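Below: the structure, in structure tokens.
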Amino acid sequence: MKVLVHSDDAEQWRDALAERLPDATVVTSAAPAAERRDADYLVAWKPGAPLLREQTHLKGIVNLGAGVDALLNNPGLPADVPIVKLRDAGMAGPIADYVRYGVLHFQRDFDRYGRQQARAEWREHAMVDKADWPVGVLGLGAIGARVAETLAADGFPVHGWSRTPKALEGIACHHGEAGLEALLGEVMSLVLLLPDTPATDRLIDARALARLPEGASLINPGRGRLIDEAALLAALGPGDAEGRLRGAILDAFPEEPLPADSPLWTHPRIWVTPHMAGPTPLGEALNQVVESLEAFEAGHPQATVDPAAGY
Ligand code: GLV
Numbered sequence: 000m001k002v003l004v005h006s007d008d009a010e011q012w013r014d015a016l017a018e019r020l021p022d023a024t025v026v027t028s029a030a031p032a033a034e035r036r037d038a039d040y041l042v043a044w045k046p047g048a049p050l051l052r053e054q055t056h057l058k059g060i061v062n063l064g065a066g067v068d069a070l071l072n073n074p075g076l077p078a079d080v081p082i083v084k085l086r087d088a089g090m091a092g093p094i095a096d097y098v099r100y101g102v103l104h105f106q107r108d109f110d111r112y113g114r115q116q117a118r119a120e121w122r123e124h125a126m127v128d129k130a131d132w133p134v135g136v137l138g139l140g141a142i143g144a145r146v147a148e149t150l151a152a153d154g155f156p157v158h159g160w161s162r163t164p165k166a167l168e169g170i171a172c173h174h175g176e177a178g179l180e181a182l183l184g185e186v187m188s189l190v191l192l193l194p195d196t197p198a199t200d201r202l203i204d205a206r207a208l209a210r211l212p213e214g215a216s217l218i219n220p221g222r223g224r225l226i227d228e229a230a231l232l233a234a235l236g237p238g239d240a241e242g243r244l245r246g247a248i249l250d251a252f253p254e255e256p257l258p259a260d261s262p263l264w265t266h267p268r269i270w271v272t273p274h275m276a277g278p279t280p281l282g283e284a285l286n287q288v289v290e291s292l293e294a295f296e297a298g299h300p301q302a303t304v305d306p307a308a309g310y
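Count the sequence shown with numbering that gives the first Met the number 0 and you get residues 0 to 310, in order.
In structure tokens, the structure reads:
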């Protein structure tokens, strides 16, 4: 089989795949066009439309990430080629840590103490117990479920929400529109780990933000398009004084890198990180990619992405 690899670290992937699949021909997207053509499989993170269009014999695509939005929105994507995505693959642990940090940032008042330090102000705030700090996790896929379970094990009451009903031990699971309303009314930190689909586009709008309790916080290691940015800024209010929404920690944006003139960079109660919450470690992802390629070859692809659902 011939495998074409496209990613920032394509050479490492090519070498690792060639070692694990000695009978395969593995080339990167930097190879001359004649060598790239007629691949059986594409293993890629955000391939360009021309690269997809030049492939006419693809039997499968392995998305080198958990989110398939960039691939499904690619105008060069061929119809009817099955797509497999990474599931957790070492990302869930670091994302759970990112969220944990974010929840503690607000629950233990690090935002307030940071502002006080700038004024050399020594003032202790009464600590809110974890048991009184419910956290909501929207999206209960491989990553969201791990995040919800981690926070629950840490002692936070956790509410989870998914499109279809799910059951997770120790998590109050909600689904559907009514479930989302109920969850939003309860949680002091809201964590977004939903896929970017037409159904989740700006799900967190002015109405959703207004449902959150006064002083709630937002943590988004998921996708930028889940949030209506104007509504977010309005709910935060300007400056240091805490608005209805206390603060937001954001790792994903509709346009990345976040444009230099975005107001998100300078808002004093927004913390911006450069899509670093869950790096994809090659080691763990490699096993999944090899398994996916072997399953494609054996004629029984693993659970594939549903382009109609968008994830
Ligand atoms: C990263 O954002 C991914 O979807 O894997």
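C-beta atoms are modelled at their ideal positions from N, C-alpha and C, and glycine is treated no differently. No experiment lies behind these values; they were computed from the predicted model shown.
8 Å Cβ cutoff met for residue i and residue j
i           : j           : result
residue 4   : residue 65  : no
residue 182 : residue 135 : yes
residue 284 : residue 88  : yes
residue 169 : residue 141 : no
residue 208 : residue 230 : yes
residue 206 : residue 110 : no
residue 224 : residue 260 : no
residue 101 : residue 130 : no
residue 146 : residue 193 : no
residue 245 : residue 291 : no
residue 116 : residue 122 : no
residue 300 : residue 308 : no
residue 76  : residue 51  : yes
residue 53  : residue 36  : yes
Residue i CB to nearest heavy atom of ligand 1 below 7 Å
i           : result
residue 89  : no
residue 274 : yes
residue 66  : yes
residue 277 : yes
Cα-Cα separation, residue i to residue j
i           : j           : result
residue 41  : residue 282 : 19 Å
residue 0   : residue 202 : 42 Å
residue 179 : residue 160 : 7 Å
residue 190 : residue 96  : 12 Å
residue 303 : residue 71  : 13 Å
residue 289 : residue 32  : 24 Å
residue 211 : residue 143 : 20 Å
residue 312 : residue 7   : Because the chain in this structure spans residues 0 to 310, residue 312 falls outside the shown range and cannot be described.
residue 251 : residue 271 : 9 Å
residue 67  : residue 138 : 15 Å
residue 99  : residue 171 : 18 Å
residue 213 : residue 84  : 38 Å
residue 17  : residue 23  : 7 Å
residue 365 : residue 156 : Nothing can be reported for residue 365, as the shown portion of the chain is limited to 0 through 310.
residue 20  : residue 61  : 15 Å
residue 249 : residue 133 : 19 Å
residue 45  : residue 81  : 16 Å
residue 265 : residue 280 : 31 Å
residue 184 : residue 128 : 19 Å
residue 86  : residue 236 : 37 Å
residue 105 : residue 219 : 14 Å
residue 187 : residue 158 : 11 Å
residue 263 : residue 112 : 21 Å
residue 233 : residue 239 : 14 Å
residue 57  : residue 2   : 9 Å
residue 55  : residue 74  : 15 Å
Where the alpha helix (DSSP H) containing residue i begins and where it ends
i           : result
residue 143 : 141-153
residue 3   : Careful: residue 3 lies outside any alpha helix (DSSP H), inside the beta strand (DSSP E) at 1-5.
residue 289 : 281-296
residue 33  : 32-35
residue 183 : 175-183
Where the beta strand (DSSP E) containing residue i begins and where it ends
i           : result
residue 137 : 134-137
residue 167 : Here residue 167 belongs to no beta strand (DSSP E), and DSSP marks it neither H nor E.
residue 20  : Run containing residue 20: none; DSSP gives neither H nor E here.
residue 202 : Counting along the chain, residue 202 falls outside any beta strand (DSSP E), and DSSP gives it neither H nor E.
residue 41  : 40-43
residue 263 : Unbroken run through residue 263: none, as it is neither H nor E.
residue 190 : 188-191
residue 271 : 269-271
request  = Could I get the ranges of all uninterrupted alpha helix (DSSP H) runs contained in the region 53-122, with 4 residues as the minimum, in chain order?
outcome  = Scanning the region 53-122 for uninterrupted alpha helix (DSSP H) segments of 4 residues or longer gives 68-71, 91-106, 109-117, listed from N- to C-terminal end.
task = Let me know the beta strand (DSSP E) ranges lying completely inside the region 212-256, each 3 residues or longer, listed in chain order.
result = Segments of the beta strand (DSSP E) lying fully in the region 212-256: 215-219, 244-249.
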